[in-house]
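Line by line, the protein sequences are chains P and C. One gets this note's numbering by counting positions in the first sequence from 1 and adding 259 to each. One gets this note's numbering by counting positions in the second sequence from 1 and adding 259 to each. For glycine and all other residues, C-beta sits at the position ideal for the given N, C-alpha and C. What follows is one structure encoded as structure tokens, with my remarks underneath.
There are 2 protein chains.
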Amino acid sequence: MTKAKASSTLSQNKGIAETTCPITYVMNKIGGHWKCIILYYLISGPKRYSELKRSIPAITEKMLAEHLKQLKEDNLITKKVEQIMPPITIYSLTPSGEELGPVLMAMADWAIKDSEHFQNLRMQG
Amino acid sequence: MTKAKASSTLSQNKGIAETTCPITYVMNKIGGHWKCIILYYLISGPKRYSELKRSIPAITEKMLAEHLKQLKEDNLITKKVEQIMPPITIYSLTPSGEELGPVLMAMADWAIKDSEHFQNLRMQG
DNA sequence: CGGCATCCTAGCCGATACTG
DNA sequence: CAGTATCGGCTAGGATGCCG
């Protein structure tokens with residue numbers, strides 16, 4: 260993993276674009292399909308692993324665990340483990356993650372408006 | 260394209276989740292890595308195909324054309340073609356697309372703040 | 001309960017060539 | 001200028017099973 264492939268320009272371009280385009284920077288952090296959803300469910304407060312899984316039925320264990328790890332590495336969430344048996348793991352938003360909250364809420368808001376548009380269009384059509 | 264594959268549960272889940280989770284709805288529309296970037300550049304006003312291409316050096320023709328088509332199908336942008344030779348194509352935001360503007364600006368805003376956080380951390384480290 | 005390792009497929013995406 | 005079509009590699013992501 261120390262050496263990037265030469266045939267792929269995307270990963271390299273992504274790195275370059277990240278320093279010049281703020282949207283690219285954001286997409287590299289929360290661009291994955293599930294990242295935003297996970298963060299969205301964490302806005303309402305810290306959650307344990309199983310709660311997140313129940314909140315997002317469409318996600319697989321692999322995706323959840325993987326994206327949680329990435330979000331942690333990107334300093335958007337923190338992980339707190341109770342070393343008992345069975346273990347309890349709590350995920351919370353970091354300050355950076357908290358600041359993303361309004362953005363996600365704005366996205367959700369837009370979604371609701373936009374789907375209303377569609378329903379209106381359907382009624383007219 | 261009329262029949263979905265049976266082996267993949269994701270596309271089906273996406274469809275189901277889309278009706279219950281607003282963030283999923285948004286991600287299905289602008290989740291692609293380039294969609295947000297294209298929309299972001301269209302906020303400042305209508306642009307022609309070649310202008311977009313120049314604005315986003317990292318994107319390939321295929322991705323640009325493909326995502327422009329999807330954005331049009333999702334009613335986020337409109338396409339206006341001057342049927343002359345050589346042709347001129349202008350892409351603009353629809354009202355729905357315009358309403359996404361503030362969200363994208365908020366994302367960009369967060370990105371700038373967040374990258375400052377990192378630089379501060381590095382200085383302390 | 002929480003999460004990682006393996007295997008495998010679907011779809012994203014780059015490169016190239018062709019059309020109006 | 002503004003696309004479309006085809007080929008092919010890479011990787012995201014689903015299914016399953018094992019471990020602390």
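Please name the residue in P:Ile-318, P:Ile-289 and P:Pro-281 whose C-alpha comes closest to that of Asp-333 of chain P.
-> Nearest to Asp-333 of chain P by alpha-carbon distance, out of P:Ile-318, P:Ile-289 and P:Pro-281, is P:Ile-289.
Can you say whether Ala-365 of chain P is buried or exposed, counting buried as having 16 or more other CB atoms within 10 angstroms of its CB?
-> Ala-365 of chain P should be labelled buried.
May I ask you to list, following chain order, the residues of the stretch 314-339 of chain C that have a beta carbon less than 7 angstroms from some beta carbon of chain P?
-> Per Cβ criterion, the list reads Ala-317.
The stretch 351-361 of chain P contacting the stretch 299-314 of chain P, beta-carbon criterion three pairs below 8 angstroms | Contact check between the stretch 351-361 of chain P and the stretch 299-314 of chain P: three or more CB pairs, one atom from each, fall below 8 angstroms, which counts as touching.
Could you tell me the distance, in whole angstroms, from the CA atom of Ile-347 of chain P to the CA atom of Leu-323 of chain P?
-> Taking the straight line from one Cα to the other gives about 16 angstroms.
Using a Cβ-Cβ cut-off of 6 angstroms (strictly less than) and excluding sequence neighbours within five positions of Glu-277 of chain C, which residues of its own chain qualify?
-> Same-chain partners within the cutoff: Thr-283, Tyr-284 and Asn-287.
Nearest chain P C-beta to Tyr-350 of chain C closer than 8 angstroms, yes or no?
-> Residue-level contact by beta carbon fails for Tyr-350 of chain C and chain P, as no gap is shorter than 8 angstroms.
Could you name the residues that DSSP lists as bridge partners for His-347 of chain P?
-> Note on residue identity: the sequence assigns Ile, not His, to residue 347 of chain P. Partner(s): P:Glu-341.
Nearest neighbour of Leu-330 of chain P, chosen from P:Pro-281, P:Trp-293 and P:Ser-314 [CA to CA] = Nearest option by C-alpha distance: P:Trp-293.
Smallest Cα separation from Thr-279 of chain P: which of C:Pro-316, C:His-326, C:Glu-325 and C:Leu-335?
-> Nearest C-alpha to Thr-279 of chain P: C:Pro-316.
If contact means a Cβ-Cβ distance below 9 angstroms, which residues of the stretch 356-369 of chain P contact chain C?
-> Along the stretch 356-369 of chain P, going in chain order, the ones with a CB nearer than 9 angstroms to a CB of chain C are Glu-358, Leu-359, Pro-361, Val-362, Leu-363, Ala-365, Met-366, Ala-367, Asp-368 and Trp-369.
What is the C-beta distance between Ile-371 of chain P and Pro-281 of chain C, in whole angstroms, given that I count them as a contact (C-beta under 8 angstroms)?
-> The C-beta separation of Ile-371 of chain P from Pro-281 of chain C comes to about 6 angstroms, placing the pair in contact by the 8 angstroms criterion.
DSSP three-state assignment for Leu-335 of chain P, whether helix, strand or coil | Looking at Leu-335 of chain P - three-state DSSP - the assignment turns out to be coil, as it is neither helix nor strand.
The alpha helix (DSSP H) enclosing Thr-283 of chain P, as first and last residue numbers = That run of the alpha helix (DSSP H) goes 281-289.
Hey, how far is the Cα of Ile-296 of chain C from the Cα of Ile-343 of chain P?
-> Each residue's alpha carbon lies about 45 angstroms from the other.
Show which residues of chain C have a CB atom less than 9 angstroms away from the CB atom of Ile-371 of chain P.
-> Within chain C, the residues near Ile-371 of chain P are Pro-281 and Tyr-284.
Check whether the Cβ of Ser-374 of chain P lies closer than 8 angstroms to any Cβ atom in chain C.
-> Yes, Ser-374 of chain P counts as interfacial toward chain C.
Residues that Lys-312 of chain P bridges to, as DSSP identifies them | Within the DSSP bridge table, the entry for Lys-312 of chain P names no partner.
Can you give me the start and stop residues for the alpha helix (DSSP H) that Ile-296 of chain P sits inside?
-> Where Ile-296 of chain P is concerned, the enclosing alpha helix (DSSP H) stretches over 294-302.
Residue-level contact to chain P via CB, Gly-290 of chain C, 8 angstroms cutoff | Between Gly-290 of chain C and chain P, the shortest Cβ-Cβ separation is below 8 angstroms.
Can you tell me whether Glu-375 of chain P is buried or exposed, with buried defined as 16 or more other CB within 10 angstroms of its CB?
-> Glu-375 of chain P is exposed by the Cβ-count criterion.
Thinking C-alpha only, which one of P:Ser-314, P:Ile-318 and P:Gly-360 is nearest Ile-336 of chain P?
-> Distances from the CA of Ile-336 of chain P to each of P:Ser-314, P:Ile-318 and P:Gly-360 were compared; the closest alpha carbon is that of P:Gly-360.
So, are the CB atoms of Leu-311 of chain P and Tyr-299 of chain P less than 8 angstroms apart?
-> For the 8 angstroms CB-CB criterion, Leu-311 of chain P and Tyr-299 of chain P do not form a contact.
Give me the Cα-Cα distance between Glu-320 of chain C and Glu-358 of chain C, rounded to the nearest whole angstrom.
-> Separation of Glu-320 of chain C and Glu-358 of chain C (C-alpha to C-alpha, rounded to the nearest whole angstrom) is 27 angstroms.
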